[in-house]
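What follows is one structure encoded as structure tokens, with my remarks underneath.
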Ligand code: CP
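Numbering (the working numbering), first residue to last: 4 to 340.
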């Protein structure tokens, strides 16, 4: 794929060489993401960060990534604060906002909305999540995290054994992750969900066609034994028209330390795209997992910054210019021990 000057709308755009290129730029950017160095390579550039649906990680990490590359960020954080609320079309909004920005990240509750917006945009658009369809940058940071965590145990993405747990029907992070994992060989995927929340058949067929060994079960204990990664997701209650339906599934698949100890291999890594539902009737990842060194959820969230920096670098074509404006940081980073 030619990243430069192009939209990033679906994980289907990526092949293995694109992923390798992205991860190699991310590795180069690690000193900047961890604030050992500063770069001003995007000085003067403007990101339009358009979030028409709630977000903590995706919005802030895209914004922080752009700032860390030296650029400025302008934001919309809800439909009600934009002129979409007055009946303006997505196409007109795209025409206007692309006149004010060098690149746009957009999240919207409707499937396909970001693609529609991109068709009218004069600058590259990155999909920050469109309804229950896709969340490509989440899949990329998840894959980066899986690769890093596996490398601690001398394992690689080829041969990965992963359990995906929870709302596989509406979870866009799961949909994009499944698609990107179909690029790797000898992958085993245990899909653990209530019957009604199974992975959409179209994605299931894509997995099978790519040679992934898929096992579907409703039993958490059975599904999480003999895997390298457990990837837990919450019930996506914002996608349910009837909240009673979401309530029926909440708390059915909760992982805690005793279930982990009884069923998992010693190095099985626990991931979650977050937010996790920490209310007592859901508690999909119990607080007693905090002491578990294999709980990678915050390392995973941290990786969102470096992966999004790498995406901006490639799409804006500055991946080889980062060092030119490199400096050391002037302030103290982090807390004293
Ligand atoms: N993982 C994720 O998309 O989180 P936010 O909804 O907080 O952006």
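By construction, the Cβ of each residue, glycine as well, lies at the ideal position given by its N, Cα and C atoms.
Being a predicted model, the structure only gives us computed values, none of them experimental.
Checking the 8 Å criterion, the Cβ of residue 98 is out of range of every heavy atom belonging to ligand 1.
By the Cβ test, the stretch 31–49 is in contact with the stretch 311–325, since at least three Cβ pairs between them sit closer than 8 Å.
A contact is defined here as three or more CB-CB pairs under 8 Å, and the stretch 222–233 meets this definition with respect to the stretch 161–171.
Sequence-distant partners of residue 147 (beyond 5 residues in either direction) whose C-beta falls short of 7 Å from its own C-beta, in its chain, are 26, 29, 306 and 310. Among the bridge pairs identified by DSSP, residue 199 is matched with none.
When the alpha-carbon of residue 155 is set against those of 277, 271 and 328, the nearest one is in 271. Here residue 10 carries a coil assignment [DSSP, helix/strand/coil]. Taken through DSSP and simplified to helix, strand or coil, residue 111 comes out as strand. DSSP places residue 194 in the strand class (E or B) of the three-state scheme. With fewer than 16 other CB atoms across the displayed protein chains lying within 10 angstroms of its CB, residue 125 is exposed.
In this structure, ligand 1 has no non-hydrogen atom nearer than 8 Å to the beta-carbon of residue 239. Within the chosen limit of 8 Å, ligand 1 reaches the beta carbon of residue 277 through at least one heavy atom. Cβ-Cβ distances below 7 Å link residue 33 to 309 in the same chain, with the five nearest sequence neighbours on each side left out; the list follows chain order. For the stretch 194–263, the full-length alpha helix (DSSP H) segments reaching 4 residues or more read 204–212, 223–227 and 246–252 along the chain. The three-state reading of DSSP puts residue 282 in coil, since its state is none of H, G, I, E or B. For residue 54, the enclosing beta strand (DSSP E) has its first and last residue at 49–54. Inter-residue distance for residue 279 and residue 253 is about 11 Å (C-alpha atoms, whole angstroms).
If you check the C-beta of residue 62 against ligand 1, you find a heavy atom less than 8 Å away.
Look at residue 268 here: in three-state DSSP terms it is coil, with no helix or strand label. Under the DSSP assignment, residue 175 falls in the alpha helix (DSSP H) whose first and last residues are 175–184.
Distances from the CB of residue 178 to the heavy atoms of ligand 1 are all 8 Å or more. If you draw a straight line from the Cα of residue 99 to the Cα of residue 177, it comes to about 32 Å. Leaving aside the five residues that flank residue 325 on each side, the residues in its chain whose CB is nearer than 6 Å to its CB run, in chain order, 42 and 44.
With 16 or more other Cβ atoms from the protein chains shown falling within 10 Å of its own Cβ, residue 239 counts as buried.
At least one heavy atom of ligand 1 is found less than 8 Å from the C-beta of residue 141. Annotation for residue 133: the continuous beta strand (DSSP E) segment containing it runs 128–133. Using a C-beta cut-off of 8 Å, the stretch 250–264 makes contact with the stretch 282–299, since at least three inter-stretch Cβ pairs fall below that distance.
Going by DSSP, residue 164 is part of the beta strand (DSSP E) stretching over 164–168. In the three-state reduction of the DSSP assignment, residue 79 falls in the strand class. Between the stretch 175–194 and the stretch 133–142, the count of Cβ pairs shorter than 8 Å is three or higher; the stretches touch. If you draw a 10 Å sphere on the C-beta of residue 230, you find 16 or more other C-beta atoms in it, and that means buried. With contacts defined by Cβ atoms closer than 9 Å, residue 82 and residue 120 do not form a contacting pair. Residue pairing by DSSP places residue 331 opposite 40 in a beta bridge.
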